[in-house]
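K.L.:
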Amino acid sequence: MRKSVERQQGAVLIVTLVMLLLMTLIALASMRGTTLQERMAGNARDQSQAFQASEMAQRQAEAFALTRSVTDWQNTAQTANWTNADALTDLPNQSRFRINPTPGVNPLRSGDGLQVIPLDVSVLRIETQGAGAATTAGAGSASTANVTINTIFVRR
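Mapping to our numbering: the sequence shown position 95 is 75, numbers consecutive.
What follows is the structure, given as structure tokens:
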């Protein structure tokens, strides 16, 4: 009986160390999965903020387009410059918009055949850009979420 006890000395230690190693590997794998989920959630949040900022710039561009008359937009042959949207000031990257008039587009009145009749309408192409909020929690965690929205706006 004494010989079997001597052979088993240290077996519990080895089994315990193997189990501890397995538990450590499981913990590391779950931590890696949690980190990945946090990154995905952060990216989704940044993408959502960028889209909302771009939509906000879209609304501001439409409001700006309504301040000018239809004939002003029809007679414009200039290149459009970017304008900063000023409704959201808490984002580090300013959302912006650009309005491109399309003076060559002549709407047709329904029922008049192919003859072009000038309407009191101007067609504008509005392009907006928005960016997600950059977080400063970790090194190199700047946001790269950018959203561009292109729309056609009809000013009547």
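Ideal placement from N, C-alpha and C gives every residue a C-beta, glycine not left out.
If we ignore side chains and look at the alpha-carbon of each, how far apart do residue 75 and residue 130 end up?
P.N.:
Computed Cα separation, rounded: 14 Å.
K.L.:
With DSSP as the reference, please indicate the residues paired to residue 104 in a beta bridge.
P.N.:
Paired residues: 81, 133.
K.L.:
Are residue 110 and residue 37 closer than 7 Å when you measure CB to CB?
P.N.:
It is a contact, given that the beta carbons lie within the stated cut-off.
K.L.:
Tell me residue 110's beta-bridge partners as DSSP assigns them.
P.N.:
Its beta-bridge partners are 127.
K.L.:
What is the DSSP secondary structure of residue 61, counted as helix, strand or coil?
P.N.:
Here residue 61 sits in coil by DSSP.
K.L.:
Does DSSP put residue 12 in a helix, in a strand, or in coil?
P.N.:
In the structure shown, residue 12 sits in a helix (DSSP, three-state: H, G or I).
K.L.:
Going by beta carbon distance, what residues of the same chain come within less than 6 Å of residue 17, once the five residues before and after it are set aside?
P.N.:
Within the same chain, residue 17 has no close Cβ partners at all.
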